[in-house]
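Here the structure is laid out as structure tokens; the discussion comes afterwards.
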Amino acid sequence: MKEPLSRNNPLLSLWKLSFFTQKKKIKYLLIPRKARFMYLLTWGKNGIFCRNEVSKDHFFWAVAGVDGDLDLVHMEIQDPSGGYRYITCQIQNCSDKTMTVPFAGSTDRDSLTVQDDYIFLQTTSANRTKYYVSYRRNGFVQMKLPKYALPKDLQIISTDENQVFVAVQEWYQTDTYNLYQSDPQGVYYSILLENVRSTKQPEENVLIDILEVRGVKGVFLANQKIDGKVTTLITYNKGRDWDFLNPPDIDMNGKPTNCKPPDCHLHLHLRWADNPYVSGTVHTKDTAPGLIMGAGNLGSQLVEYKEEMYITSDCGNTWRQVFEEEHHILYLDHGGVIVAIKDTSIPLKILKFSIDEGQTWSTHNFTSTSVFVDGLLSEPGDETLVMTVFGHISYRSDWELVKVDFRPSFPRECTDEDYESWELTNLQGDRCIMGQQRSFRKRKISSWCIKGKSFTSALTSKVCECVNTDYLCDYGFERSAPLKLESSKCFADFWFNPEAPPEDCVLGQAYTSSTGYRKVVSNVCEGGVDLQQNLAHHMCPLIAPKGLQISIREESLAVRPGEDITFIVQQEQGDVLSTKYQVDLGDGFKAIYVNLTMTGEPIRHRYENPGIYRVSVKAENVAGHDEAVVFVQVNSPLQALNLEVVPVIGRNQEVNLTAIILPKNPNLTVFYWWIGSNLQPLLTLESFLVTKFAETGDVRVTVQVSCGSSMLQDSKVVHVFDHFHVLPLKFTKDLDMYNPNIPEWREDIGRVVTRLLAKETSIPEETLMTVVKPGLPTAADLHVLLPANQPKKKRSITSDKRIAAIKQALNAHNISFFLRGGYWVLVTLADSDSDSQRIGGGSGYWAIVVLFVVCLVAVGAFILYKFKRKLPGRNVYAQMHNEKEQEMTSPVNHSEDTQNIIQGEEFIDDDLDSQTLGNARGNHSGVVLSINSREMHSYLVS
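Residue numbers 20 to 961, in this note's numbering, belong to the letters of the sequence shown in order.
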């Protein structure tokens, strides 16, 4: 049984099946899950075994004649790391200890397919997918498609007759696939037909518009889509040649169709039915060779909404129209009776049947009450004439089963006189197809009899001499005109060198270079034309190693110390028997291997210490050498991360953001910094970042640290102000003994000091922030923030009072807290004689103010100079005016505590209102000149 066990069946929600061996009966329960997996429970002689995480629809029985053990099952499972693997085991003892892994390494999800002699799977790495095949359970070999096909998807179409048909969606295709045919081993592929239409289905399923006609080997139907136009093609020699379908001359009513090639042909829908109990749009059967019935239309292309029914009894040479609408088809008695029921959503009670291959049709009332037809079933056996129609009367009713027996319509069994023969030909009239002439027999139109169980359709076959059409282009070659016959030749693709030795060529052995042709698999022609007779034989030369690769089986270049690593060395070309491989694992381990790539033996190693190791493999023989290098990062996983940043900073002032990580992995860690809401991070290899904040407010800083496969994150909020005060603090030395130097401890100490100061000075706690610095001796900075809700003129006075109050509390030794061990920790100023530091971000404003004051002084000097020259009484006038407006020229005095504070923008604005010309700190000397606007106007007028 080559089909997967978990079939989509609307009638079943679980399966309980039995599997018989020669000595015992083994039961298993297969329970489908809603997700991608299912559970498999088996009862064997050793108890119950459970395999969960078995990929849905990827569980296969052993194939008789291929698998040595019929108890063997093939499964795709998900391993604990999240990857997928192909395993085999005996169904009665499927445990981790008994299973085998035929393919080394992980596979892609849902890629395992076991079909006849072949096993297929795929792997994806570095955005490239590789497809592998195993022929008759031998080792897996990479499938050889054209070099630049670069497949996005690959679908298995057929594995009959020792050959593989695959549909490949190449890099430039979106809704079409290219059809390829393989050699008997399923390794080398040649193109047959390009741009076969495909359709996406739910759950990512893909339907390819290609159909193998059952009953006659080598015949296929395909829908080709070029420039949005879909046309139907047929081949009689496994895709070597394709042609359009001949249209009928008259329709079902006997009227001319007016459909003439090459502008008009017959086109068929090649869809599979969603319901497994009805036929698709095209119906064929193994025991009814040459009989094809399908839905389609006449014209220059296939039309989606046209589903007229057509039939052929000579394998596609001549067609007839039988219905105007699509019907479900069922063949009985080897095609002796054709049953048709209209495909419709309305209830029916009439079916149609034909006993003369669709020449005439009769109707039959299979029920007195119309039913919604859900499906058609026939009794077992191709010779049966009994069928069942099942459906329901209404959507709420149960199923209705109606049996229809056609046996009474036939009075007797057929004899030899009731049959006639017909010969298989292609559309060109050639009788030699696939190297032989084949004739079949069918019942005469005038005979009303039952073919019965003993009927055989094949009559005679005769081997033909070989002609050009019996040969296909070999791997690496393509035809110049795919739809032409005799005129087309095979040419080598630009990337393929026919004279080059194969990759597995061994020194001393012989190989043959391809002529560009190979006989179609299953073609039995003899003699005649032999396009392979001029094969050139060569001795395998000593080839230098080429395409050397070294990789890690676990596919991760970042590992932990002490972790086991498996290195895999592969070589695309070159002799392997005479090649030596020098391996250097970068930590002092060096070795020389022979036949390393041929045996496939992995190199296992373990790095004990963190670091970066350069792993190199050098392959060398007499013809040349090649080298492959990979860098392995060995590092311990990150355990802790803490972002160290001063929580309060001035605008446009540099701030150092520091990430503290454990353990420290030098040269192996990458730091990602996010500032504010910016989605683009800054990347550094150092654990710090120096930056500035241009705007005031709260800014969130986030750092992510990546080291190997581990990543940590920490985030802090930085408060950015224009102005604030910083008072350095110190603690009694007893605190150093209990300082663990961790962020949480420093934050707790800072909160305690802030709370005590706020309570002692009655200053709002939200305007104080104590930041304890890392390291020893323990020290801290007290940030005194300016109240944001006060006018500018009052801020300096308020700030002065708060600084004085804080200093008084600290100098009076009023701030202390209790420490374990019975110690009291006293908090004082780091330097009681020094003033607080004023931090501001308005240095640009200071420059503007100084420039403005300089300009005022220059203007005043110029005016004073003019007065000295033109006004005789200028000194008296100046003195009188000075006494008149003395309140405007009085010097501004500051308190002793605030003389050392750097002035900010708001204080400068207040000082400018006092109209002082002189020193910006308010210390004036000499005569101060003041002139009002009215006197100035009088002077200018005079």
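By construction, the Cβ of each residue, glycine as well, lies at the ideal position given by its N, Cα and C atoms. Note that this is a predicted model, so its numbers are computed, not measured.
To the nearest angstrom, how far is it from the Cα of residue i to the Cα of residue j?
i	j	result
Tyr-329	Trp-380	13 angstroms
Arg-147	Arg-415	51 angstroms
Gly-63	Cys-108	Interpretation of Gly-63 is limited by its pLDDT of 48, a score under 50 that renders its predicted location unreliable; the figure taken from the coordinates is listed afterwards. Using only the alpha carbons, I get a separation of about 13 angstroms.
Thr-300	Ile-269	22 angstroms
Gly-101	Asp-717	42 angstroms
Asp-127	Thr-218	22 angstroms
Pro-682	Leu-657	6 angstroms
Val-525	Cys-451	40 angstroms
Trp-965	Ile-365	Residue 965 cannot be examined here, being either before or after the span of the chain that is shown, 20 to 961.
Lys-711	Val-674	6 angstroms
Pro-783	Ala-777	6 angstroms
Pro-427	Leu-289	35 angstroms
Phe-151	Ile-680	According to the sequence as given, residue 151 is Tyr; it is not Phe. When rounded, the distance between both Cα atoms is 44 angstroms.
Gln-934	Phe-740	Only weak support is given to the placement of Gln-934: the predicted model assigns it a pLDDT of 35, under 50, and the question is left unresolved by the model.
Ile-357	Ala-555	54 angstroms
Lys-236	Gln-204	19 angstroms
Ile-96	Tyr-105	7 angstroms
Thr-773	Thr-751	17 angstroms
Ser-373	Asp-352	12 angstroms
Trp-693	Glu-663	14 angstroms
Leu-702	Lys-149	34 angstroms
Asp-246	Leu-212	15 angstroms
Pro-99	Ile-622	23 angstroms
Thr-19	Asp-375	It is not possible to answer for residue 19, since the shown part of the chain is limited to 20 through 961.
Cys-485	Asp-603	57 angstroms
Ser-532	Glu-591	19 angstroms
On the criterion of 16 or more Cβ atoms from any shown chain inside 10 Å, does residue i qualify as buried, or is it exposed?
i	result
Gly-84	exposed
Ile-611	exposed
Asp-583	exposed
Ile-229	buried
Leu-698	exposed
Trp-190	exposed
Ala-659	exposed
Tyr-536	buried
Tyr-199	buried
Thr-169	The residue you asked about is not Thr; residue 169 is Leu in the sequence shown. Exposed, because fewer than 16 other Cβ atoms sit within 10 Å of the Cβ of Leu-169.
Glu-180	exposed
Ala-477	exposed
Ile-369	exposed
Asp-115	exposed
Met-558	exposed
Gln-528	exposed
Using only alpha-carbon positions, find the residue among the options that is nearest to residue i.
i	options	result
Cys-509	Ala-798, Lys-304, Phe-263 and Tyr-494	Tyr-494
Glu-402	Leu-367, Gly-354 and Glu-439	Gly-354
Glu-5	Gln-111, Cys-334, Asn-542 and Val-358	Because the chain spans 20 through 961 in this model, residue 5 falls outside it and cannot be assessed.
Val-641	Tyr-600, His-624, Phe-608 and Leu-662	Tyr-600
Cys-544	Asp-767, Val-235 and Met-453	Met-453
Val-803	Pro-747, Ile-768, Val-390 and Ala-713	Pro-747
Thr-407	Leu-396, Pro-280 and Gly-400	Leu-396
Gln-320	His-286, Ile-348 and Asp-362	His-286
Gly-87	Tyr-103, Asp-136, Cys-113 and Phe-78	Asp-136
Ser-332	Phe-391, Asp-260, Gly-234 and Ala-292	Gly-234
Gly-633	Leu-615, Asn-614, Pro-621 and Lys-609	The residue asked about is misnamed: residue 633 is Arg in this sequence, not Gly. Nearest C-alpha to Arg-633: Lys-609.
Val-595	Leu-615, Gly-581 and Glu-432	Leu-615
Val-720	Ile-227, Glu-639, Asp-733 and Lys-538	Asp-733
Asn-830	Thr-434, Phe-496, Leu-754 and Lys-749	Lys-749
Lys-248	Asp-293, Thr-195 and Pro-275	Thr-195
Gly-581	Leu-349, Glu-620, Tyr-626 and Val-238	Tyr-626
Quickly, what does DSSP pair residue i with across the bridge? List them, please.
i	result
Val-152	Phe-139 and Val-160
Tyr-600	Tyr-612 and Ala-638
Asp-262	Ile-253
Arg-104	Ile-96
Cys-492	Tyr-536
Ser-570	Ile-587
Any heavy atom of the ligand COA closer than 7 angstroms to the Cβ of residue i?
i	result
Ser-476	The ligand COA is not part of the structure shown, which contains no ligands of any sort.
Task: Any beta strand (DSSP E) of 3 or more consecutive residues that is wholly inside the region 170-215 - done: If we require 3 residues or more, the beta strand (DSSP E) runs fully inside the region 170-215 come out as 172-177, 184-188 and 195-201.
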